[in-house]
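Colleague:
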Amino acid sequence: MKNMLITGGCGFIGSNFIRYLLKESDYTGRIINLDKLTYAGNPENLADVQKEYPKRYIFIQADICDEPRVGEIFDSYRIDGICHFAAESHVDRSIVKPDAFIQTNIVGTFNLLEAARSRLGQTIRFHHISTDEVYGSLGKDGYFTETTSYQPNSPYSASKASSDHLVRAYHKTYGLPVTISNCSNNYGPYQFPEKLIPLIVLNGMEGKSLPVYGDGQNVRDWLYVKDHCVAVWMIMKHGKNGETYNIGGDGEMANLKLVEMICDILDETNPLSDRRSRRDLIEFVKDRPGHDLRYAIDYSKLKQDLKWHPEVTLETGIRETVNWYLQNRSWIDRVKSGEYQTWIKTHYC
Ligand code: NAD
Ligand code: TYD
């Protein structure tokens, strides 16, 4: 690959992936970052990259649903690889207003696939980023494997499931070279602060209440974003055409326990002025409708085939993440724009 199109590169995982590719991986080509800049997209996430790599990093503000524009970009930049991150990604927002999820996650993915299909002679490798949420919910035992049947429970996960099926079908029907990865919940630097971990860190820093849905016993398998980036690049280079790979973090934890862990780290590194324990700020709030109980990934296929495993433990990763937010207050202040405030006001009040 010499000209890689990355969609959604100004979001949380996409920006970490671009930084990893340019600064740490063996990729030597150009990156064309196509991002619409929704509330979740922030070009400041890549300000350092833009300065350091003016020839190898190109940013284009565009919508993946804009078919002619996508076609133009494919031709102008001679795209030969795609890593498709762009999506509406927040489950709670999908419950309140699913429309954009259907457009971007389904129609947008369809547009990219069509652009690649109409240039099939040019060999364009398509990597699709998906989620473990397409598999639905686990009970107390068991793990999601690549052959677990799809049972999405939210408009978000249903839209991601649709896009996965389209990618698979374009491989089977048209022979498009594709790979798909389904990962668990990511965390780390540059995550928009409406998702659980950054929300708790930010509210905790400010001594505000810490909202936990239901009884806090829902379990997620937390994956440090850098580990995810390494896995995606390995799959893009060495993954088998047409295959799906699960990516997990070995980081299962119930939400309440995770929130308590963040409280303790903040108390230790940045105590409140009145020395109160942040655990006192935890507030149990109304549960999310259709809230999946547990996600847990079996990543043994990726381990066996590509020798990948997560390097960062949950404890270490959370400490590093808390530290990053403590040291990047100006980023936080700028990200907490009007749109963020509106969401917090309407969702939690
Ligand atoms: P994010 O919400 O932080 O970023 C999404 C990016 O996509 C933003 O920069 C946004 O501006 C861009 N975008 C949205 N609609 C667009 C459109 N129509 N055209 C072009 N750009 C558009 O998301 P994230 O957390 O970085 O997730 C990236 C991908 O990983 C998504 O596909 C998501 O489903 C998947 N995923 C995320 C997680 C997680 O824990 N964050 C877990 C599993 C899978
Ligand atoms: P989230 O970060 O939204 O990711 P996802 O829904 O994709 O798993 O939520 C992670 C978990 O945290 C999920 O079980 C819902 C829960 N949660 C809360 O308890 N309180 C909150 O304020 C938020 C945003 C999430």
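Heads up, the sequence shown is in this note's numbering, so the first residue is -17 and it goes up one at a time. Just so you know, even glycine gets a beta-carbon here, dropped at the ideal spot from N, CA and C.
Whole angstroms is fine: what's the gap from G230's alpha carbon to S166's?
Modeller: As a working mapping, residue 230 is identified with position 248 in the sequence shown. As a working mapping, residue 166 is identified with position 184 in the sequence shown. About 5 Å.
Colleague: Quick check on DSSP: helix, strand or coil for L158?
Modeller: As a working note, residue 158 is residue 176 in the sequence shown. L158 falls in the coil class under three-state DSSP.
Colleague: Exposed or buried, what is Q104 when buried is set at 16 or more other beta-carbons lying within 10 Å of its beta-carbon?
Modeller: As a first step, residue 104 is located in the sequence shown; it is residue number 122 there, counting from the start. Exposed, because fewer than 16 other Cβ atoms sit within 10 Å of the Cβ of Q104.
Colleague: Nearest-angstrom Cα distance between R257 and T251?
Modeller: Residue numbering aside, residue 257 sits at position 275 when the sequence shown is read from its first letter. Residue numbering aside, residue 251 sits at position 269 when the sequence shown is read from its first letter. Answer to the nearest angstrom: the Cα atoms are 12 Å apart.
Colleague: Hey, quick one: how far does the beta strand (DSSP E) through Q104 stretch, first residue to last?
Modeller: Here the question's residue 104 lines up with position 122 in the sequence shown. Careful: Q104 lies outside any beta strand (DSSP E) and carries neither H nor E.
Colleague: Between the Cα of P134 and those of G272, H329, L(-13) and S282, spot the shortest distance and give me the residue it belongs to.
Modeller: What you label residue 134 is simply residue 152 of the sequence shown in a count that begins at 1. The shortest C-alpha separation from P134 is found at G272.
Colleague: Specify, as a first and last residue, the run of the alpha helix (DSSP H) that I314 falls within.
Modeller: Position 332 of the sequence shown, counting from 1, holds the residue named residue 314. Per DSSP, I314 belongs to the alpha helix (DSSP H) from R311 to V317.
Colleague: Among C65, K239, K122 and K5, which one has its Cα closest to the Cα of R276?
Modeller: Here residue 276 refers to the residue found at position 294 when the sequence shown is read from its first residue. Closest option to R276, Cα to Cα, is K122.
Colleague: Rounded to whole angstroms, what's the CA-CA distance from R261 to F67? Just pull it up for me.
Modeller: Here residue 261 refers to the residue found at position 279 of the sequence shown. Here residue 67 refers to the residue found at position 85 of the sequence shown. Computed Cα separation, rounded: 35 Å.
Colleague: Quick one: Cα of W313 to Cα of T303, how far?
Modeller: Taking the first residue of the sequence shown as position 1, residue 313 is located at position 331. Taking the first residue of the sequence shown as position 1, residue 303 is located at position 321. Straight-line Cα distance between these residues: approximately 14 Å.
Colleague: Report yes if the C-beta of H273 is less than 7 Å from at least one heavy atom of ligand 2; otherwise report no.
Modeller: If you number the sequence shown from 1, residue 273 lands on position 291. True, at least one ligand heavy atom lies under 7 Å from that Cβ.
Colleague: Run through DSSP, which three-state label would F92 get?
Modeller: Locating residue 92 in the sequence shown gives position 110, counting from the first residue. F92 falls in the helix class under three-state DSSP.
Colleague: Between the alpha carbons of R270 and Y330, how many angstroms are there, rounded?
Modeller: For the purposes of this step, residue 270 is identified with residue 288 of the sequence shown, where counting begins at 1. For the purposes of this step, residue 330 is identified with residue 348 of the sequence shown, where counting begins at 1. Answer to the nearest angstrom: the Cα atoms are 12 Å apart.
Colleague: Curious, which full-length alpha helix (DSSP H) runs of at least 4 residues does the stretch 38 to 101 contain?
Modeller: If we require 4 residues or more, the alpha helix (DSSP H) runs fully inside the stretch 38 to 101 come out as 49 to 58, 73 to 78 and 91 to 99.
Colleague: Quick one: does the C-beta of K33 sit closer than 7 Å to a heavy atom of ligand 4?
Modeller: Judged by which ligands are present, ligand 4 is missing from the structure shown, whose ligands are ligand 1 and ligand 2.
Colleague: Could you compute how far the alpha carbon of L192 sits from the alpha carbon of K5?
Modeller: In the sequence shown, residue 192 corresponds to position 210, counting from 1. In the sequence shown, residue 5 corresponds to position 23, counting from 1. The straight-line gap from Cα to Cα measures roughly 35 Å.
Colleague: Does the Cβ of T129 have 16 or more other Cβ atoms within 10 Å, making it buried, or fewer, making it exposed?
Modeller: Along the sequence shown, one-based indexing puts residue 129 at 147. When all chains shown are included, T129 counts as exposed.
Colleague: Closest by CA to I111, which one among G(-4), Q323, V294 and Y322?
Modeller: Taking the sequence shown and counting its residues from 1, one reaches residue 111 at position 129. Ranking the options by Cα distance to I111, first place goes to G(-4).
Colleague: Taking the CB atoms as reference points, tell me whether S76 and Y132 lie closer together than 8 Å.
Modeller: The residue you call residue 76 lines up with position 94 of the sequence shown. The residue you call residue 132 lines up with position 150 of the sequence shown. Result no, Cβ atoms of S76 and Y132 do not sit closer than 8 Å.
Colleague: Residue ranges of each beta strand (DSSP E) run of no fewer than 3 residues wholly in the stretch 207 to 278, ordered along the chain?
Modeller: Correct list: 226 to 229, 234 to 236 and 264 to 267.
Colleague: With respect to the beta strand (DSSP E) encompassing V194, which residues constitute its N-terminal and C-terminal limits?
Modeller: Within the sequence shown, residue 194 is the residue found at index 212, counting from 1. Here the beta strand (DSSP E) through V194 covers L192 to Y195.
Colleague: Can you check which of these residues, K208, I(-12), K222 and D274, is closest to L94 by C-alpha distance?
Modeller: Within the sequence shown, numbered from 1, the residue matching residue 94 stands at position 112. Checking every option, the nearest Cα to that of L94 belongs to I(-12).
Colleague: Can you give me the C-alpha to C-alpha distance between N27 and W306, rounded to a whole angstrom?
Modeller: Sequence index remark: in the sequence shown, residue 27 carries index 45 (1-based). Sequence index remark: in the sequence shown, residue 306 carries index 324 (1-based). Each residue's alpha carbon lies about 13 Å from the other.
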